[in-house]
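I have placed the structure first, in the form of structure tokens, so that the comments after it can refer back to it.
Protein chains in written order, with this note's numbering: chain W, 1 to 119; chain S, 120 to 231.
Next up, the structure:
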């Protein structure tokens, strides 16, 4: 069975600090997809990134970057020069590609990491 | 923003009463999902649908049923609500397979 672990329940930083959110996953599939979502205090779930298991290139989007390492089954998320607006709960998630057309995108989520950025 | 509407947004009910939550989409996406969010558990899949009248169970389906009579609507029913079903419920859609999920705004359900 697939599993996602976000060991950091809460992280608190001061504005402009860099912060890394850890994500470790377990799956038996060779083809799978990894996701990060952000949930700000308003409660909505905002999609940040989707990566497939064959693409280990790191990705950078503005102040956000993601480090995917299959060797350690990790998909870590780094925010550079954090801002107060980055305060949110961040979820890592995994979807296995097997199961055929009836399986859709059944994401398994980690427990989430509450990030607080203080001014 | 994806066109997903959940109703009601908030509901308070008593133990033992039936409750139905509605998810309506305007995107014509094939796949629809119901998740619940609880502290310490992240989001957990309750049921999902891969087409009209085609549904399957997720990780935490006990005590819940679903129906999808048309593409745009996916209903989640608690036949006899219990306090353990107090949670925030999110509907999501996706298309095609293995793509990202778009989430609705959530329904806060309190069972007293």
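Backbone N, C-alpha and C fix where the C-beta goes; we use that ideal spot for every residue, glycine too.
Per-residue burial, residue 96 of chain W [other beta carbons within 10 Å of its own, 16 or more giving buried] = By one-based count along the first chain, residue 96 of chain W stands at place 96. It is buried - the Cβ of residue 96 of chain W has at least 16 other Cβ atoms within 10 Å.
Can you tell me the Cα-Cα spacing of residue 82 of chain W and residue 135 of chain S, whole angstroms?
-> Here residue 82 of chain W corresponds to residue number 82 of the first chain, with the count starting at 1. Here residue 135 of chain S corresponds to residue number 16 of the second chain, with the count starting at 1. Distance between the alpha carbons of residue 82 of chain W and residue 135 of chain S: 46 Å.
Measure from the alpha carbon of residue 186 of chain S to the alpha carbon of each residue in S/196, S/178, S/180, then state which is nearest.
-> Counting from 1 along the second chain, the entry for residue 186 of chain S is found at position 67. Nearest C-alpha to residue 186 of chain S: S/196.
What residues in its chain sit with their C-beta under 8 Å from that of residue 18 of chain W, if we drop five residues either side in the sequence?
-> What you label residue 18 of chain W is simply residue 18 of the first chain in a count that begins at 1. Cβ neighbours of residue 18 of chain W beyond the five flanking positions: 78, 79, 80, 81, 82.
Counting only runs that start and end within the region 32-85 of chain W, where is the beta strand (DSSP E) found for 3 or more residues in a row?
-> Correct list: 32-39, 46-52, 59-61, 64-69, 74-79.
Members of the region 207-229 of chain S that neighbour chain W once the beta carbon cut-off is set at 7 Å | For the region 207-229 of chain S, which is checked against every Cβ of chain W, the residues closer than 7 Å are 209, 213, 216, 217, 218, 219, 220, 222, 224, 225.
Could you list the residues in the region 94-119 of chain W with a C-beta less than 8 Å from some C-beta on chain S, going in chain order?
-> Cβ proximity to chain S below 8 Å picks out 95, 97, 101, 102, 103, 104, 105, 106, 107, 108, 109, 110, 111, 112 from the region 94-119 of chain W.
Could you have a look at residue 111 of chain W and say whether DSSP puts it in helix, strand or coil?
-> To locate residue 111 of chain W, count along the first chain from 1; it is residue 111. Three-state DSSP puts residue 111 of chain W in coil, outside helix and strand.
Residues in the region 120-143 of chain S with C-beta within 7 Å of chain W's C-beta atoms, listed in sequence order?
-> Answer set for the region 120-143 of chain S: empty.
Using a Cβ cut-off of 8 Å, pull out every chain S residue sitting near residue 33 of chain W, in sequence order please.
-> Walking along the first chain from the start, residue 33 of chain W turns up at place 33. Within 8 Å Cβ-Cβ: 217.
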